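Going by the UniProt record's numbering, the first residue of the sequence shown is number 1, and it counts up by one from there.
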Amino acid sequence: NISRTVKVPSSEHVAEIVGRQGCKIKDLRARTNTYIKTPMRTQPPVFVVTGKEDAVLHVMEEIQNAAEHFTHIRASRNHHKVGGSLDSNKSMCREG
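See the structure below:
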């Protein structure tokens with residue numbers, strides 16, 4: 001196993017990547033068989049990903065892509081509330 005870090009721009013990015021009640025990060029862990037340490041709001045916005053090299057690299061790419069997507073969403077909001085999640089598994093993150 002290897003461990004790698006993935007830095008994202010802010011704690012808001014961390015929250016979006018993790019999802020409500022951790023649903024997105026739990027799904028990513030399960031799909032990739034990796035351990036993903038999520039930073040607390042008081043810590044620098046850096047994830048630590050541990051697992052097999054190919055899986056870790058895949059997770060790093062997904063986190064980076066989600067962070068970039070969230071940055072673009074925030075930039076294009078123009079005072080409009082944008083709902084939904086950043087990944088194709090958004091239905092798994094809905095409450096109820």
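Quick reminder that beta carbons are idealized off the backbone N, C-alpha and C, glycines included.
Just so we're clear, the structure is a prediction, and the values are computed from it rather than from any experiment.
Contact check, residue i vs residue j, beta carbons under 9 Å
i     : j     : result
Gly51 : Tyr35 : yes
Arg41 : Val6  : no
Arg4  : Leu57 : yes
Reference residue i, options the options, closest by Cα
i     : options                       : result
Ile2  : Pro9, Asp54 and Phe47         : Asp54
Ser11 : Ser76, Val48, Pro39 and Ala75 : Pro39
Residue i - DSSP class collapsed to helix/strand/coil
i     : result
Lys52 : coil
Arg41 : coil
Gly84 : Note that Gly84 has pLDDT 46, beneath the 50 cutoff, so the model's placement of it is unreliable and no number is given.
Gly34 : Sequence check: residue 34 is Thr here, not Gly. Thr34: coil per DSSP, three-state reduction.
Val6  : strand
Where residue i falls, given that 16 or more other Cβ within 10 Å makes a residue buried
i     : result
Ala67 : buried
Ile63 : buried
Glu16 : buried
Pro45 : buried
Neighbour flag for residue i against chain B, beta carbons, 9 Å
i     : result
Arg74 : Any reference to chain B falls outside this structure, which holds one protein chain only.
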